[in-house]
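There are 2 protein chains.
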Amino acid sequence: MFKYLMPTKVICGENSLKENKNELILGTRCMIVTGRTSGLKSGALGDVTEVLKEKGIEYVIYDFIGNNPTIEECYEGGKRAKEAGCDFLIGIGGGSPLDATKAIAVYAVNDMDMYEIFEGNFKNKPLPMAAIPTTAGTGSETTPYSILTLHKINNKQSFSHPDVFYKVAFLDGRYTVKLPLQVARNTAIDAMSHLLEGFTDKKASRGSDYIALEGLRIIGKYADNLKMGNFTVDVCTNLLWAASLGGIVISQTGTTIVHSMGYALTYYKDIPHGMANGLLLGEYMERANKVMPEKVKLAMDALGMSIEEFKAFLKECLPCEVSFTEEELIKWSEVSIKAKNVPVCPFEVTREDELEIYKKCLL
Amino acid sequence: MFKYLMPTKVICGENSLKENKNELILGTRCMIVTGRTSGLKSGALGDVTEVLKEKGIEYVIYDFIGNNPTIEECYEGGKRAKEAGCDFLIGIGGGSPLDATKAIAVYAVNDMDMYEIFEGNFKNKPLPMAAIPTTAGTGSETTPYSILTLHKINNKQSFSHPDVFYKVAFLDGRYTVKLPLQVARNTAIDAMSHLLEGFTDKKASRGSDYIALEGLRIIGKYADNLKMGNFTVDVCTNLLWAASLGGIVISQTGTTIVHSMGYALTYYKDIPHGMANGLLLGEYMERANKVMPEKVKLAMDALGMSIEEFKAFLKECLPCEVSFTEEELIKWSEVSIKAKNVPVCPFEVTREDELEIYKKCLL
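These protein sequences, in sequence, are chains B and S. By my numbering, the letter at position 309 of the first sequence is numbered 310, and the numbering carries on one by one without gaps. By my numbering, the letter at position 92 of the second sequence is numbered 93, and the numbering carries on one by one without gaps.
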């Protein structure tokens, strides 16, 4: 038995927004949600405001979303969207603004306590949203998930609801082609992580596996571009599509311990999310290989790499200067073993196992 | 540039309905739309009414849908759904009831002239619908298309609208495992036709090709079952999923001349839709092979057959005793060349070409 759901309309290609302007207009008054610089630097914010002006749609811009957005930023965004009378949202950015937009869409139409959002049972349907990713990694544009930073638990926490799928997502490599190389690598490795975790975890099914393999084939095809740092708009559009495929996969399967173990690296050490996953991903695949060698071979064949080459690829793409202490790793393993995506891990994993993985990857 | 949209939730597996009862309940009062026998014989109607009774949902049954449903049957169904105050529909059956349900969902909430539906601009949002396919072929459960018989033009005509995607579809091989062998073959070949036409036509893209190949791999895997006539519930569930994948593909690409040329065979000669496609499909693939040999090879590799083997497979599975005259074929080619899916054909096609295809396949 499997369930498949991914209701977002994806429009993929160079100039996808400019050639499909009407698809952006989901209401009569808009709030654009973006980061402090990502919307501007990518060129997406300029394109969006141009379309809105042309269509006579009034808008406000909420560009206060930082990396790993806090629930407070989202709650404030919801308040402002309500005050401004907005009836639809446009999220522009990497995973942070795209995840934050979902929470803002909920808060904007629900009088609720800030933390209630994690229970997922809000009364009113969230505002409709359009997504323009400016990194090719998160896949937030094709998932019902929003991952927010919660300082009161010193970690990230997620909520999920079918009503926070985006109505439409515009994928255009023009918005990612100028990303700094390390950001392009980190985010592509985040997408890889979604595809590989979703392909190997216990919720993987024949309804998602073929999607994961397609995403891996695309990233594998452009692995050299990620190593060397040469990108064209077309390569970037393809990587955006691979990232969306990663989102489609984890919408069905969820993620597993790579993500839950990675969160501490981001929260405590400020290591970018994709890099945090990537540091742990090689060891995860080694362990998965012991319990499902045929499936891991399929994944590696799709990437066009052996596990050894895959580990070398991660190492080359993820130069990490941060140092860790054993005490930190012990503390993090105690927290991460309680995550709700531990039971779907394809191999048995205890707190001791997680500690061993952390040590092997980080010390 | 490509667009991808398929918002239906698919629940696939043995007992998918019984184990997900709440997903069936899309309103407070239901009309079940089905054929004269398909709902009963498959066992799906019994399962549905059991769930509705258990959940306390009142329902009426509209079981007047014939093969190749007429627009009149649908208009009448819409009237009855309105009179009965239904706020959601459940379609049970092969392509005929599933396509008819979509039209009924529109008529039930719109005061409109019967023929206006083909313009696709109805005012009120159609009723929400659940689908339970009892054949593995049509893919109607994952498309925004409805193909209806229109006696005033002596042909079929379709309408398409994103709001007639089903909300949810339950795929369960228990409902198809007892189908007569020829029905199983015809419908599987309809699914093949969707996958192959969608993979080769000009609207094919990297957003749909990997889905088509997955569907073809599944059908190829069970080609011997289709030849020999041995089915298990699991095989049937897999074929249902392949048919839904075919629906997902043509939701993005549409079909091409195999479908438009096949309609006349069904309208004038009562040849089942899947068989009509199948009679033309081998020659279509031969011609596609001349203009896109690499792509046709990918498709055939996914099926696990050469083109010759594929043609032999079609011949073996489609015993057709109907005879045709050249006059008929001339008349049909004059009509079918005007179809809106002719221009997406991968090779140039004139009325003379269509006549030649008809002759080669049918005389």
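Backbone N, C-alpha and C fix where the C-beta goes; we use that ideal spot for every residue, glycine too.
>> Quick check on Asn-125/S: buried or exposed, where buried means 16 or more other Cβ atoms within 10 Å of its Cβ?
In response: exposed
Check whether Val-250/B and Gly-199/B have beta carbons under 7 Å apart:
yes
Query raised in the report: For Val-165/B and chain S, any beta-carbon pair shorter than 7 Å?
Result: no
Check: Mind checking if Tyr-5/S is an interface residue toward chain B, Cβ cutoff 7 Å exclusive?
Finding: yes
- Message: Could you tell me the alpha carbon to alpha carbon distance between Phe-348/S and Tyr-211/S, rounded to whole angstroms?
- Response: 22 Å
Point to revise | Nearest to Gly-283/B (by Cα), restricted to the options Ser-43/B, Ile-58/B, Cys-318/B and Ser-252/B | key: Cys-318/B
Under 9 Å Cβ-Cβ, which residues of chain S neighbour Arg-207/B?
-> Cys-13, Glu-215, Ile-219, Asn-239 and Trp-242
query: Do you know offhand how far Ser-324/S's Cα is from Asp-64/S's?
result: 32 Å
With 16 other Cβ atoms within 10 Å as the buried cut-off, status of Leu-240/B: buried
Point to revise | Candidates Val-110/S, Gly-96/S and Pro-70/S: closest to Ala-85/S by CA position | key: Val-110/S
* Asked: Out of Phe-232/B, Leu-246/B and Leu-149/B, which has the shortest C-alpha to C-alpha gap to Ala-192/B?
  -> Leu-246/B
task: Taking only beta carbons into account, state which residues of the segment 19-50 of chain S come closer than 7 Å to chain B, listed in chain order.
output: Glu-20
> Would Tyr-268/S pass as a contact of Asn-156/S if the rule is Cβ separation under 7 Å?
Replying inline: yes
**Prompt:** So what does Ile-62/S bridge to, in DSSP terms?
**Reply:** Ile-33/S
query = Assuming Ala-243/B and Gly-216/B make a contact with CB atoms under 8 Å, what is their CB distance in whole Å?
reply = 5 Å
What is the rounded straight-line gap between the Cα of Ser-147/S and the Cα of Ile-154/B?
51 Å
Quiz item: Along chain S, which residues have their Cβ under 8 Å away from the Cβ of Met-2/B?
Solution: Ile-12, Cys-13, Gly-14, Glu-15, Asn-16, Ser-17 and Glu-20
key: Boundaries of the alpha helix (DSSP H) in which Ala-192/S is found, first to last residue   = 182-201
So that I know if they touch, is there some Cβ in chain B lying closer than 7 Å to that of Pro-129/S?
no
I need the boundaries of the beta strand (DSSP E) containing Lys-222/B, first residue and last residue. Not the beta strand (DSSP E): Lys-222/B falls in the alpha helix (DSSP H), residues 210-222.
**Report entry** Rounded separation between Asp-173/B and Ala-185/B - CA only
**Finding:** 14 Å
Contact list for Pro-8/B against chain S, beta-carbon separation under 9 Å: Leu-6, Met-7, Pro-8, Thr-9, Lys-10 and Phe-166
For Gly-94/S, which of helix, strand or coil comes out of DSSP? strand
*asked:* Below 8 Å, how does it come out for the segment 88-96 of chain S and the segment 21-41 of chain S: are there three or more Cβ pairs, yes or no?
replied: yes
* To do: Report all residues from its chain with a CB closer than 8 Å to the CB of Ala-170/B; omit the five preceding and five following residues, and keep chain order.
  => Thr-9, Lys-10, Val-11, Ile-12, Ala-131, Ala-132, Ile-133, Pro-134, Glu-142, Thr-143 and Ser-245
C-beta neighbour in chain S for Tyr-223/B, strict 7 Å: no
Next on the checklist: Can you check whether the C-beta of Tyr-211/B is within less than 7 Å of a C-beta belonging to chain S?
Outcome noted: yes
**Prompt:** Which value, in whole angstroms, describes the spacing of the CA atoms of Asp-235/S and Gly-47/S?
**Reply:** 21 Å
Discussion item. One question on the structure: do Tyr-176/S and Ser-43/S come within less than 7 Å of each other, judged by their Cβ atoms?
Written reply: yes
* To do: Would you decide whether Tyr-116/B is buried or exposed? Buried here means 16 or more other CB atoms lie within 10 Å of its CB.
  => exposed
**OP:** Look at Thr-188/B and Asn-69/B and say whether their C-beta atoms are less than 7 Å apart.
**Re:** no
*Beta carbon of Glu-327/B, beta carbon of Ile-338/B: below 7 Å?*
no
*Boundaries (first-last residue) of the alpha helix (DSSP H) holding Lys-332/S*: 327-337
Next item on the list: Assign Pro-145/B to one of three DSSP states: helix, strand, or coil.
Entry: coil
Query raised in the report: Can you tell which of Leu-266/B, Leu-281/B, Glu-353/B and Arg-30/B has its C-alpha closest to the C-alpha of Ala-313/B?
Result: Leu-281/B
Check your understanding: Is it right to say Leu-99/B is buried, meaning 16 or more other beta carbons lie within 10 angstroms of its own, or is it exposed?
Key -> buried
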